[in-house]
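Novice:
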Amino acid sequence: MDRFDRAHDAPRSGRGLTARGCAVLCLAEPHAELATMLILQELGLSVDLAVDPESAVRWVQRARYELIVVGGAPMVPGSVVLRLRHAAPDARIVILAEDAVSAEDLAPFGVQVLGPPLDVNSLMQWLWPAS
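With the sequence shown counted from 1, adding 737 to any position gets you my numbering.
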């Protein structure tokens with residue numbers, strides 16, 4: 738089953754009336770993407786997978802998302818982050834960075850950066866919905 742099928746297979750993705758919100762996910766590493774998708778579904782979110790950052794921007798322009806998670810190598814360009822913020826001014830944007838990224842540079846845009854080491858516990862802590 739490819740990435741597109743996993744994202745849109747309703748019985749497996751946890752979509753439905755019980756979902757607490759929607760997230761779009763775009764990571765360069767497939768295993769990290771799958772693990773993050775499962776974490777988001779465990780948190781009660783319906784998850785769409787974008788193939789690349791440009792398609793994530795297109796998804797965000799067409800639908801409402803509470804959470805946008807992007808990252809991986811190569812790093813998401815600043816222009817993509819700005820376009821995501823413009824398309825979704827109220828969404829929470831989290832960048833999963835594999836290398837050192839200055840969180841201070843992105844903070845004015847309301848973007849959170851989670852740097853290495855990336856593990857399940859740190860992802861759960863960062864992605865847990867703020868109350």
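Glycine is no exception: its CB is placed at the ideal position from the N, C-alpha and C atoms.
Distance, Cα to Cα, ASP856 vs ARG799?
Specialist: By 1-based counting over the sequence shown, the position of residue 856 is 119. By 1-based counting over the sequence shown, the position of residue 799 is 62. Cα to Cα, the separation comes out at about 31 Å.
Novice: What are the partner residues of ILE830, as DSSP defines its beta bridges?
Specialist: Sequence index remark: in the sequence shown, residue 830 carries index 93 (1-based). Beta-bridge pairing links ILE830 to ILE805, VAL848.
Novice: Let me know if ASP785 comes out buried or exposed under the rule of 16 or more other beta-carbons within 10 Å of its beta-carbon.
Specialist: Along the sequence shown, read from residue 1 onward, the residue named residue 785 stands at position 48. With 16 or more other Cβ atoms within 10 Å, it is buried.
Novice: Would the beta-carbon of ALA793 fall within 8 Å of that of LEU821?
Specialist: Here residue 793 is taken as the residue at index 56 of the sequence shown, counted from 1. Here residue 821 is taken as the residue at index 84 of the sequence shown, counted from 1. For ALA793 and LEU821, yes; Cβs fall inside 8 Å.
Novice: In chain order, what residues of the same chain lie with their CB nearer than 8 Å to the CB of PRO814, ignoring the 5 residues before and after it?
Specialist: The residue you call residue 814 lines up with position 77 of the sequence shown. Same-chain partners within the cutoff: PRO790.
Novice: Starting from the C-beta of GLY852, find all residues in its chain whose C-beta is less than 6 Å away, skip the five residues before and the five after it, and write them out in chain order.
Specialist: Translated into the one-based positions of the sequence shown, residue 852 becomes position 115. Excluding sequence neighbours, GLY852 sits near ALA834.
Novice: Considering only C-alpha positions, which residue in the set GLY808, GLU803, ARG757 is nearest to GLU766?
Specialist: Here residue 766 refers to the residue found at position 29 when the sequence shown is read from its first residue. Considering only alpha carbons, the answer is GLY808.
Novice: Which class does ASP785 belong to by DSSP, given the choice of helix, strand or coil?
Specialist: Working through the sequence shown from its first residue, we reach residue 785 at position 48. Strand, per DSSP.
Novice: Beta strand (DSSP E) containing ALA760: first to last residue?
Specialist: Translated into positions along the sequence shown, residue 760 becomes position 23. Note, ALA760: beta strand (DSSP E), 758-764.
Novice: Using the C-alpha atoms, what's the distance from TYR802 back to LEU843?
Specialist: As a position in the sequence shown, residue 843 is number 106, starting the count at 1. As a position in the sequence shown, residue 802 is number 65, starting the count at 1. Each residue's alpha carbon lies about 19 Å from the other.
Novice: For the alpha helix (DSSP H) that contains ALA824, what are its first and last residues?
Specialist: Along the sequence shown, read from residue 1 onward, the residue named residue 824 stands at position 87. Its alpha helix (DSSP H) spans residues 815-824.
Novice: Take ALA825 and list the residues in its own chain whose beta-carbon comes closer than 8 Å to its own, dropping the five residues that flank it on each side.
Specialist: By 1-based counting over the sequence shown, the position of residue 825 is 88. Cβ neighbours of ALA825 beyond the five flanking positions: VAL797, ARG801, TYR802, ILE805.
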